[in-house]
């Protein structure tokens, strides 16, 4: 199986180094010196990593045969692709490869459908799920245990418990509930005003039980 593990960024310095946008949780394995990577577009590769180092929080790579800034700049925006055994598993129990998470259904803890994971973005501070909603819009969900409470690969779903405001519908649901609560309070006040003259209706009892 071929997986995108990085995207080449701008040239760094004058000796052929480039910055890379890492798209793997295991850069020390996938982007180590000596690694031979396919590319997209394919005509740019394969590329063999000669050296790698971290500078100011960014990974810098130099490839064999790339010796100056012009050659490095010509690689900009090229995707680096590694061959990965589809049965290979990460070492940690709570670690996953991107291909395992792609296309998982995303649901709330109560089972409400949110969307489908279409991309995993690896940022310096955290990883993000890019989730496509049924209406075609996208959400960004931080992949942290406080929000992503369960990954079920057998059921092909990710369960999330987002804080208010992370998902727009969440805020709308809260607002709707508040509106309903206000209406119930108003109805209760009206009922109190007419309570002496009206009998307690069975329909009201059912609504109270439902509530």
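Residue numbers (my numbering): 1210 to 1420.
The beta carbon of each residue, even a glycine, is placed where N, CA and C say it ideally should be.
Cut-off 8 Å between Cβ atoms - residues of its own chain near residue i, not counting five sequence neighbours on either side
| i | result |
| --- | --- |
| residue 1222 | 1278 |
| residue 1294 | 1210 |
| residue 1317 | 1323, 1368, 1369, 1370 and 1371 |
Nearest candidate by alpha-carbon position, reference residue i, set the options
| i | options | result |
| --- | --- | --- |
| residue 1322 | 1232, 1367 and 1311 | 1367 |
| residue 1254 | 1305, 1243, 1284 and 1242 | 1284 |
| residue 1332 | 1259, 1225, 1267 and 1360 | 1267 |
| residue 1359 | 1314, 1374, 1330 and 1373 | 1314 |
| residue 1236 | 1311, 1372 and 1263 | 1263 |
| residue 1352 | 1272, 1326, 1280 and 1219 | 1326 |
| residue 1271 | 1258, 1244 and 1311 | 1258 |
| residue 1225 | 1275, 1344, 1261 and 1242 | 1275 |
| residue 1329 | 1319, 1344 and 1309 | 1309 |
| residue 1250 | 1350, 1244, 1217 and 1273 | 1217 |
| residue 1220 | 1286, 1350 and 1356 | 1286 |
| residue 1307 | 1337, 1356 and 1269 | 1337 |
| residue 1303 | 1273, 1357 and 1256 | 1357 |
Sequence-distant residues of the same chain with beta carbon closer than 6 Å to residue i, five excluded per side
| i | result |
| --- | --- |
| residue 1213 | 1232, 1288 and 1290 |
| residue 1239 | 1214, 1233 and 1291 |
| residue 1273 | 1257 and 1259 |
DSSP beta-bridge partners of residue i
| i | result |
| --- | --- |
| residue 1263 | 1268 |
| residue 1349 | 1339 |
| residue 1325 | 1314 and 1341 |
| residue 1211 | 1292 |
| residue 1221 | 1226 |
| residue 1161 | Only positions 1210 to 1420 of the chain appear in this structure, which leaves residue 1161 out of reach. |
| residue 1216 | 1230 and 1288 |
| residue 1303 | DSSP, once it has assigned bridges, lists no residue as partnering residue 1303. |
| residue 1277 | None, per the DSSP bridge assignment. |
Inter-residue spacing [alpha-carbon to alpha-carbon] between residue i and residue j
| i | j | result |
| --- | --- | --- |
| residue 1362 | residue 1354 | 16 Å |
| residue 1246 | residue 1335 | 25 Å |
| residue 1282 | residue 1252 | 16 Å |
| residue 1340 | residue 1348 | 5 Å |
| residue 1454 | residue 1248 | Absent from the model: residue 1454. The displayed extent of the chain is 1210 to 1420, so no value can be given. |
| residue 1261 | residue 1346 | 37 Å |
| residue 1376 | residue 1305 | 24 Å |
| residue 1243 | residue 1311 | 28 Å |
| residue 1241 | residue 1227 | 14 Å |
| residue 1265 | residue 1320 | 42 Å |
| residue 1269 | residue 1229 | 6 Å |
| residue 1344 | residue 1350 | 17 Å |
Spatial neighbours of residue i in its chain, beta-carbon cut-off 7 Å, leaving aside the 5 residues before and after
| i | result |
| --- | --- |
| residue 1365 | 1313 and 1314 |
| residue 1280 | 1225 |
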